[in-house]
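Under this note's numbering, read the sequence shown as residues 7 to 158, first letter to last.
Every residue, glycine too, gets a C-beta built ideally from N, C-alpha and C.
Okay, structure first, notes after.
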Amino acid sequence: MRILDVLDKAAVLPNLAGRDKRGVLEEISAAMAPALDSDPERVVQVLLDREKLGSTGIGDGIAIPHGKMRGLSRLHLGFGRSREGIDFDAMDGKPTMLFFVLLAQEGSVGDHLKMLARLSRLLKDADIRKRLLEVETAEEILTIIDEGDASQ
Numbered sequence: 007m008r009i010l011d012v013l014d015k016a017a018v019l020p021n022l023a024g025r026d027k028r029g030v031l032e033e034i035s036a037a038m039a040p041a042l043d044s045d046p047e048r049v050v051q052v053l054l055d056r057e058k059l060g061s062t063g064i065g066d067g068i069a070i071p072h073g074k075m076r077g078l079s080r081l082h083l084g085f086g087r088s089r090e091g092i093d094f095d096a097m098d099g100k101p102t103m104l105f106f107v108l109l110a111q112e113g114s115v116g117d118h119l120k121m122l123a124r125l126s127r128l129l130k131d132a133d134i135r136k137r138l139l140e141v142e143t144a145e146e147i148l149t150i151i152d153e154g155d156a157s158q
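Encoded structure:
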């Protein structure tokens, strides 16, 4: 399964306005909610509940907030970028700029973990991270993700 297979193109946000963890999660959740057929606040709560277990800010300016929701039939992914960066309690203590939000159906294990691993591999590439920060449009972001994913 490729990243673009689960990424909701309407939930690719190149200019996040949120200035804190909740604000970023609210913004991306609102963009993802129509595809999830869910209330955005429910999505935010699922993500914040997961954050209570430990921050999904993995360092190098990246966070992969994720959670499981009842009623989903497949994986869903959203993306947001904050050029200024926000405090997301990242492991390295640095601001987070790139956010991939992954939601899986309740009870799923395999696909959810495989996608988390796939995203982690993609984002280990410093050139991809740099390019994701430099481009302007959602279309350019999608191209970078697709090219990086294809080379894995």
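Looking only at its chain, what residues have a beta carbon closer than 7 Å to the beta carbon of residue i, apart from the 5 residues adjacent to it on each side?
i, result
"Ile-34", "Ala-17, Leu-19, Gly-84, Gly-86, Phe-105, Val-107"
"Ala-37", "Ala-16, Ala-17, Leu-19, Gly-84"
"Asp-131", "Gly-154"
"Leu-122", "Ile-70, His-72, Leu-108"
Do residue i and residue j have their CB atoms nearer than 8 Å?
i, j, result
"Arg-124", "Gln-158", "yes"
"Ile-150", "Ile-9", "no"
"Gly-63", "Asp-95", "yes"
"Leu-78", "Ala-39", "no"
"Leu-42", "Val-30", "no"
"Gly-91", "Pro-101", "yes"
Could you say which of the options lies nearest to residue i if we only look at CA atoms?
i, options, result
"Val-115", "Leu-128, Ser-126, Asp-131, Leu-81", "Leu-81"
"Glu-159", "Glu-32, Arg-135, Leu-78, Asp-66", "For the chain, the structure presents residues 7 to 158; residue 159 sits outside this window and is missing."
"Asp-98", "Glu-146, Ile-68, Asp-11", "Ile-68"
"Ser-88", "Ala-156, Asp-55, Glu-140, Glu-146", "Glu-140"
"Asp-26", "Asp-93, Glu-145, Ile-147", "Asp-93"
"Met-75", "Leu-59, Lys-58, Glu-57, Val-49", "Val-49"
Take residue i and list the residues in its own chain whose beta-carbon comes closer than 6 Å to its own, dropping the five residues that flank it on each side.
i, result
"Asp-45", "none"
"Ile-70", "Thr-62, Phe-106, Leu-125"
"Leu-53", "Leu-31, Pro-71, Gly-73"
"Leu-13", "Leu-83"
"Ala-144", "Val-18, Pro-20"
Give me, in chain order, the residues of the same chain whose beta-carbon lies closer than 8 Å to that of residue i; leave out the 5 immediate sequence neighbours on both sides.
i, result
"Glu-142", "Pro-20"
"Arg-135", "Asp-66, Gly-67, Ile-68, Leu-104, Leu-129"
"Arg-127", "Gln-158"
"His-118", "His-72, Lys-74, Leu-81, Leu-108, Ala-110"
"Lys-120", "Met-7"
"Arg-56", "Thr-62, Pro-71, His-72, Gly-73"
What are the start and end residues of the alpha helix (DSSP H) that includes residue i?
i, result
"Glu-146", "144-156"
Practice problem: Would you mind listing the beta strand (DSSP E) stretches within the segment 74-136 that are 3+ residues and don't spill past its ends, in chain order? | Solution: Every unbroken stretch of the beta strand (DSSP E) spanning 3 or more residues and falling wholly within the segment 74-136 is given here in chain order: 82-92, 102-111.
Quiz prompt | Every unbroken beta strand (DSSP E) within the segment 9-86, with a cutoff of 3 residues, ordered by chain | solution = 13-19, 63-65, 72-75
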